[in-house]
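Scroll down for the structure; my scribbles are underneath it.
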Amino acid sequence: MSGNKPTKSLEEIKQSIKEQTEKALEHWENLSEEERESIDKETTIGTPENLVRPDKDS
Amino acid sequence: MLATHFEAKTRYGAMRDQARQIAWEALPVRVRGKIELGGVDNKALVAFRTWQHHPNRKVDWDWTFANRYCFRYPKGFDLSVWFGNRLSTLALGRPTYHGTSLRMDFVEKSPDLPMTGFPAFIVVNTAYQAYAQLIGAKTFRIIKPMNEKLVNYYMSYDKSFEYHPAANGNPCYLERQL
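Residue numbers (this note's numbering), protein chains in the order written: chain A, 545 to 602; chain B, 1320 to 1497.
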């Protein structure tokens, strides 16, 4: 695997992460209490199959 | 350990720290004092044991596999999220073979930590996206979200996520351009 150069400067990365955080929080705050609780409980992702799958781009 | 492996571990270790810092700094000021981000290190694995056998866990992963995962993928990204001294979430991911995408392979939230007012998975996603951009990846992938509800949730808050169904033995995933 070769390393790639970032296409954004550090400041641009920080700004994009700040915007992502704000967008996600705004959306979250507009959900009902019930929806929030349900999503919060189910934030599990992934599968142990990933440990043995070939290390190639899919 | 080969010199190249050691070099990658060191170089990418600095970027892992930087990505955690960027994600933390992007948090609202009101929650920064309550949340800490770290790696899946011994401290996190000790804390994980307190909920390892919890009946409400959605999966039965033994997170001690993180040591093998991190050794095998020195350019990978490990993350733990803490609320005070309580472990909230663990996550593991790695770049794809050519480094064009960062995969988030595993995320698990503690089953016994009540809603804290701030959803940990938001900071997990942003930390992964920060790391992806630091290593020059072009896309970010969430591998195999647990169910349709989560898929719909991610796609509703961020319209740039695209859903890719399982194909050719690969699991489904969500992907967004960075």
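We put the CB at the ideal spot given by N, CA and C, even for glycine.
Look at residue 549 of chain A here: in three-state DSSP terms it is coil, with no helix or strand label.
Close partners of residue 1466 of chain B in chain A (Cβ separation under 8 Å): 586. Between the stretch 1450-1466 of chain B and the stretch 1411-1425 of chain B, the count of C-beta pairs closer than 8 Å reaches three or more; the two stretches touch.
Between residue 550 of chain A and residue 1374 of chain B, the alpha-carbon positions lie close to 43 Å from each other. Sorting B:1466, B:1449, B:1476 by C-alpha distance to the C-alpha of residue 1497 of chain B places B:1449 at the top. The contact set of residue 1445 of chain B on chain A, defined by CB atoms closer than 8 Å, consists of 561, 564, 565, 568 in chain order. For residue 1479 of chain B, there is no enclosing beta strand (DSSP E), as DSSP gives it neither H nor E.
Bridge pairing for residue 556 of chain A: absent [DSSP].
Residues 1377 of the same chain have their beta carbon placed closer than 8 Å to that of residue 1465 of chain B, with the five preceding and five following residues left out of the count. For residue 1423 of chain B, the three-state secondary structure derived from DSSP is strand. In this structure, the CA atom of residue 1360 of chain B is about 34 Å from the CA atom of residue 1478 of chain B. In the DSSP annotation of this structure, the continuous segment of the alpha helix (DSSP H) that includes residue 1342 of chain B starts and ends at 1322-1344. For secondary structure counted as the beta strand (DSSP E) over 3 or more consecutive residues, the stretch 1403-1473 of chain B holds these complete runs in sequence order: 1405-1414, 1420-1428, 1458-1462.
If you draw a straight line from the Cα of residue 576 of chain A to the Cα of residue 564 of chain A, it comes to about 21 Å. Here the stretch 1344-1361 of chain B does not lie against the stretch 572-591 of chain A, with fewer than 3 beta-carbon pairs under 8 Å apart. In the DSSP assignment, the residues bridged to residue 1399 of chain B are B:1357, B:1409. Interface criterion met: the Cβ of residue 582 of chain A is under 8 Å from a Cβ in chain B.
The beta carbon of residue 1469 of chain B falls within 8 Å of a beta carbon belonging to chain A, placing the residue at that interface. For residue 1495 of chain B, the uninterrupted beta strand (DSSP E) run begins and ends at 1492-1496, by DSSP. Per the coordinates, the alpha-carbon of residue 1423 of chain B lies some 16 Å from the alpha-carbon of residue 586 of chain A.
CA-to-CA, the gap between residue 1403 of chain B and residue 1366 of chain B works out to about 12 Å. Counting the other Cβ atoms within 10 Å of the Cβ of residue 570 of chain A gives fewer than 16, which makes it exposed. Distance from the Cα of residue 1385 of chain B is smallest, within the candidate group B:1400, B:1369, B:1412, for B:1412.
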